[in-house]
Each structure stands twice: as structure tokens, then as C-alpha cells.
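Right, one structure below, let's go through it.
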Amino acid sequence: MKEGRILKAFGGFFFVSDFDSREVYQCRIRGRLKKEKIDVIAGDIVEYTAMEGNTGVVERRLDRKNYLFRPPIANVEQAVVTCSIAQPDLHFKLLDRLLVLSETEDLEISICINKVDLLGLEKAKAVMKPYEEIGYKVVYTSVEEGIGISELKEVLKDKVSVFAGPSGVGKSSLLNAIQPGLKLKMGEVSERIKRGRHTTRHVELLSLNIGGWVADTPGFSSLDVTFVPSEELQYYFPEISGYLNDCKFLPCSHSHEPKCGVKAAVEEGDIPKHRYNNYLDFLEEIKKKEERNWRR
């Protein structure tokens, strides 16, 4: 049997990229897997039997390293959290939601700030300086002016990556700039409401000429972080987790407790105020859900 990675599942067929030849086989799934209710999705590593005409049968799904629910994709190594500096405007709360979700999956994270030509590269860098100081890798791009495309290629090279971000920020345009042969369909941003339309209709892993795979995922307008236990949220804000030992009272939620090391760091400017405020907002969302569940 051969091994490969599922690129997409569509109409009962599973398209497998062979690890050795990189040829794509159109496969059906073995009935036993259906009977055992073993689902197979994009990103899954499988064993399959090759047949004539680049067809085959998926025999077995190997264990997953991780599984993202939205979009449904397995064995992701890296999240490229993508936002635009303008059109649509950069919203830090949405960016921080995406970062928290990526942190919960223990993914390598890069931030891509697109459309920097609309504001200017130096101004965009000033806006994102707090995130670079936290330790996030930030890539600044403009498809219109060809800025940062080579750097983004290096980020994607030889990894299984997922783009995550709201509609209209240019994820598909970026992928087309990286590899024109992908020929992804792009949606325009409405002049009236400045919001993009979803243009990606199904989850698909795209094979890159530079090595690796990337998924272009539908844009999101909101992301739920309430599955994170309230006491664990602090660990998904790297700059907050660095001050946990400075709190007098443990456990500390860093919201109302006196002599809190995190609050002191915010006051001293060592933790970005907007990040801390977003942490508190997420914490409140989570606690409200925990309280509702407790009352049931």
C-alpha cells in the first residue's frame, strides 16, 4: 500500500496526493471505514491502494496530529493569520480571536498583514509592533505592489499551512501571487459595506511548487473561543503567561484580584492594553458560558 495526504473530499471521492510521486489519485473509501464511522477529511494521512487510471481505494486513516473544526482539516502544522491593514480595516479583537484559536491547537503561527500599500509599510509596521514584541512573526504584504511575497513563500515552504482570517483581506489573491497556477476564484469587496464575500466553496489543500501544502479557508466574521476553560485562557496569550508568577494570589484570573502581576505589567506598558482588554472580554464570554452550563 501507498501513503498520501487527502487534498480534498468532494462528491464521495477523496483526492490523495502520493508522498513519493506527488501524483493525485481519485479514491473511494473502503466500506469498512464507513462502517466504523471513521471520517476522512482534507489533511488526513492515509494508506491507499492505487489502481488503474490514477484511481484507488483508501484503506486506512493514520492517527491525526490535530484536527481543526472550522474549517474541518487535519494535521495542520502552521496557521497564517491573515488580516488587511485597510479595506477591510484591521480589527484587533478578531485578530486576537484567531491567535487564541491557533494557540489552542499548538500551531506554529505567523501573522500576515496584507494591503500595506493602502497605509504605507512603515505605518503598518508601527501598528503591528506590539505583536512583533510579543514574539509573533509578522509578514507585511501587498499583491498590488509585490511587497512581501517572497517572505510569505518562505513561511509556507515545506509546511502544511492554513490561512485564517476574515473575508475580503486578500487570502486568495495572496495565494495566486505565490503560485499563479492555483487560479483561485477571488471575490470583490463591496464598496458599500466594505466586506468580502466567501469565494472558497470547500476546504482544499493546495500543493505548492516550493514544497508543502496550503488551505485557503472561508473568511470568518466571528470566532467562538468559549470552549477554552476560563482558567486556561491566560496560557494562550503569551505575553500574559510570562507574568503569572508575579501574581500574589494563585490561581489568578487577572481581572479583579489585588497585587496581580499581569495588571501591573499592563499599567507599566509591558503588556499591550488592547490585548489585555480583549483577554478580559474573552474571559467574560467563557465564564458566562460556564455559568450557563453549571446551571443546567
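Each residue of the sequence shown is one higher than the last, beginning at 1 in full-length UniProt numbering.
Backbone N, C-alpha and C define an ideal beta-carbon position, used for all residues, glycine too.
Between T55 and L206, the alpha-carbon positions lie close to 19 Å from each other. D158 is not a Cβ neighbour of G242, given a cutoff of 8 Å. In this structure G181 is exposed. Its beta-carbon is surrounded by fewer than 16 other beta-carbon atoms within 10 angstroms. Counting along the chain, the unbroken alpha helix (DSSP H) around S172 starts and ends at 171–178. Measuring C-alpha to C-alpha distances from A9 to each of R28, K259, R296 identifies R28 as the nearest. Taking a contact to require three or more Cβ pairs closer than 8 Å, the segment 248–264 and the segment 58–75 do not qualify as touching.
Following the DSSP letters along the chain, one finds Y25 inside the beta strand (DSSP E) bounded by residues 24–29.
Taking a C-beta distance under 8 Å as the contact criterion, V139 and V155 qualify as a contact pair.
Minimum Cα-Cα distance from V40 among the listed residues R61, G146, E239, S17 corresponds to R61. With respect to I286, V262 sits apart: the two C-beta atoms are not nearer than 8 Å. In the DSSP annotation of this structure, I113 is not part of any alpha helix (DSSP H); the continuous beta strand (DSSP E) holding it starts and ends at 108–114. Of all C-beta pairs linking the segment 272–280 to the segment 83–100, three or more are shorter than 8 Å, placing the two stretches in contact. G148 and D117 have their C-alpha atoms some 11 Å from each other. A direct Cα-Cα distance of roughly 11 Å separates D281 from S230. W294 is classed as exposed because its beta carbon has fewer than 16 other beta carbons within 10 Å across all chains shown.
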